[in-house]
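Below, the structure is given as structure tokens:
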């Protein structure tokens, strides 16, 4: 017989027979062996890996076998967090991020590009208030970028940064380090909510109950010396004569106030070309940072102001006079009359002016009382022989049809009506009120001027614009309409600024020395705008 080799000894019997004596296959029952499963570390287990299947216990199983357990989250998932932003550049140039790229959820190159743009715009924003080499723009750019990073995701970072940059470009140019425009977006938001900022809390409802009295305003009145310092006319010299002998400059040679071209003064109906003879920019030149370079541009059209470029607007040639004696010759000055029974103790006043053949003349006067109620609002007809050349609607708010139908009283008649409201003891409130009194041809000594209460850092003849002061201290927007200014609105704004000053400052600021440069042109455009 052949030798049994036992090749099927380890193979389980396929038929499951119970006679191992004659069957070549194995009939040994093998118990499954349980191998204790070790619990892997949580951070090494894939979220998709199957859990070990639990096997029912039996008496044959070891009692000390550890049962597999379900994976449990023991804490919130942690976002990757970048270390605080740092810079390796100098503290005056463009900041350079030195963070670990692996710890930033936003590509560092993207953050660096946005940081550079933020720095460029902060430099442009602060150019008028910080000296060369200041670290302010550098610091605020870093903080602004960090604020953006902390509140965005990878998908929203770039758009949020671009929005922040656009917002920077729209900010009002600060005139001091205390200006509301100084700071990051977070700084501005916190400041607006803070009770420590009275300028942002002086709402009309809070100012309205304040009753102004002559006693309260007495410390704010300009002295005779201060009136002269701010270019007020304080007397009428006898050598000027009676005045009014030369109301119009028709036929005389002047230099155009707008385009600086010599021209002969003529009324519009003299010839058709007069109405469009001047090619000019109605906006002033202003410095802006363009492509990393400080450039002067016209605010009206953004064309470069340092190059010979055509104007963006066409209109008539106009002229402006500032010599008091010459103004007296156009229309005579007079002093405020004695107090009438109807005269007010306190009044706020503002005027709108237009260009004529007799120079820059008054076309509207508005007066409000101490409560802000309008007591006079009148359009003014030109003197005989004087023709309107340009109503200056963009700034005066006076439209041709309105002026043609409502301007029925000449200046002399309007001044008589004004004399029933304003006398020698009336305290007049206004912004750059010397300009208004000049066009009214009125000499008045008791004045509270918001241009003096909130002086420009460079001193006279520079004045902060009324709209900027109103926005900064009253959080109110004026002169924003394309229809032009409103002398009633401007009168109320000046009145409320004085109320704010009485509540928050109380002491008249010291005189700022007269600046050596004047910039030329009409001072009204700088102060009333």
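Residue numbers (full-length UniProt numbering): 1 to 529.
Cβ atoms here follow ideal geometry from the backbone N, Cα and C, with glycine treated the same way.
Keep in mind the model is a prediction, meaning the values are calculated, not measured.
Residue i Cβ short of 7 Å to the ligand SAM heavy atom set
i: residue 507; result: Absence of the ligand SAM from the depicted structure is noted, as is the absence of any ligand whatsoever, leaving it without description.
Residue i (DSSP reduced to helix, strand or coil)
i: residue 42; result: Low confidence applies here, because residue 42 scores a pLDDT of 47, under 50, leaving its location unreliable and the question unanswered by this model.
i: residue 491; result: helix
i: residue 508; result: coil
i: residue 149; result: helix
i: residue 329; result: helix
i: residue 287; result: strand
i: residue 427; result: strand
i: residue 304; result: strand
i: residue 414; result: helix
i: residue 293; result: strand
i: residue 54; result: Reliability of the predicted coordinates at residue 54 is poor, the pLDDT of 47 falling under 50, and the value obtained from them is presented with this limitation in mind. Reduced to three states, the DSSP call for residue 54 is coil.
i: residue 319; result: coil
i: residue 253; result: strand
i: residue 364; result: strand
i: residue 298; result: strand
i: residue 397; result: coil
i: residue 435; result: helix
i: residue 314; result: strand
i: residue 461; result: coil
i: residue 13; result: coil
i: residue 195; result: Model confidence at residue 195 stands at a pLDDT of 38, short of 50, so the residue's coordinates are unreliable and nothing is read from them.
i: residue 100; result: coil
i: residue 387; result: coil
Residue nearest to residue i in terms of C-alpha spacing, selected from the options
i: residue 448; options: 473, 402 and 499; result: 499
i: residue 501; options: 470, 329 and 190; result: 470
i: residue 146; options: 442, 106, 296 and 102; result: 106
i: residue 434; options: 424, 446 and 274; result: 446
i: residue 141; options: 93, 284 and 462; result: 93
i: residue 342; options: 188, 273 and 375; result: 375
i: residue 333; options: 162, 324 and 152; result: 324
i: residue 185; options: 95, 176, 175 and 160; result: 160
i: residue 463; options: 300, 231, 207 and 296; result: 231
i: residue 253; options: 246, 262 and 274; result: 262
i: residue 95; options: 134, 139 and 103; result: 139
i: residue 283; options: 300, 296 and 174; result: 300
i: residue 268; options: 388, 227, 465 and 505; result: 388
Beta-carbon spacing of residue i, residue j below 8 Å
i: residue 250; j: residue 266; result: yes
i: residue 400; j: residue 229; result: no
i: residue 110; j: residue 158; result: yes
i: residue 148; j: residue 117; result: no
i: residue 257; j: residue 298; result: no
i: residue 383; j: residue 358; result: yes
i: residue 386; j: residue 248; result: yes
i: residue 453; j: residue 410; result: no
i: residue 444; j: residue 437; result: yes
i: residue 288; j: residue 124; result: yes
i: residue 394; j: residue 380; result: no
i: residue 503; j: residue 368; result: no
i: residue 450; j: residue 497; result: yes
i: residue 219; j: residue 277; result: no
i: residue 136; j: residue 112; result: no
i: residue 419; j: residue 340; result: yes
i: residue 338; j: residue 424; result: yes
i: residue 373; j: residue 179; result: no
Between the CA atoms of residue j and residue i - distance to the nearest angstrom
i: residue 311; j: residue 457; result: 31 Å
i: residue 221; j: residue 215; result: 11 Å
i: residue 553; j: residue 155; result: Because the chain here runs from 1 to 529, residue 553 falls outside it and cannot be looked at.
i: residue 356; j: residue 150; result: 59 Å
i: residue 233; j: residue 330; result: 16 Å
i: residue 398; j: residue 391; result: 6 Å
i: residue 198; j: residue 475; result: Since pLDDT at residue 198 reaches only 43, below the 50 mark, its modelled position is unreliable, and the value read off the structure follows with that caveat. One C-alpha to the other measures close to 11 Å.
i: residue 416; j: residue 345; result: 18 Å
i: residue 188; j: residue 181; result: 7 Å
i: residue 236; j: residue 426; result: 20 Å
i: residue 129; j: residue 441; result: 37 Å
i: residue 307; j: residue 467; result: 30 Å
i: residue 507; j: residue 213; result: 16 Å
i: residue 402; j: residue 177; result: 43 Å
i: residue 318; j: residue 131; result: 38 Å
i: residue 99; j: residue 144; result: 16 Å
i: residue 209; j: residue 421; result: 23 Å
Run of the alpha helix (DSSP H) containing residue i, from where it starts to where it stops
i: residue 220; result: Element bounds for residue 220: n/a, residue is neither H nor E.
i: residue 353; result: Premise fails: residue 353 lies in the beta strand (DSSP E), 346-356, not in any alpha helix (DSSP H).
i: residue 468; result: 466-474
i: residue 263; result: Here residue 263 belongs to no alpha helix (DSSP H); instead the beta strand (DSSP E) covers 262-264.
Continuous beta strand (DSSP E) stretch holding residue i: start and end
i: residue 378; result: 374-381
i: residue 280; result: 278-280
i: residue 123; result: Run containing residue 123: none in the beta strand (DSSP E); it sits in the alpha helix (DSSP H), 108-125.
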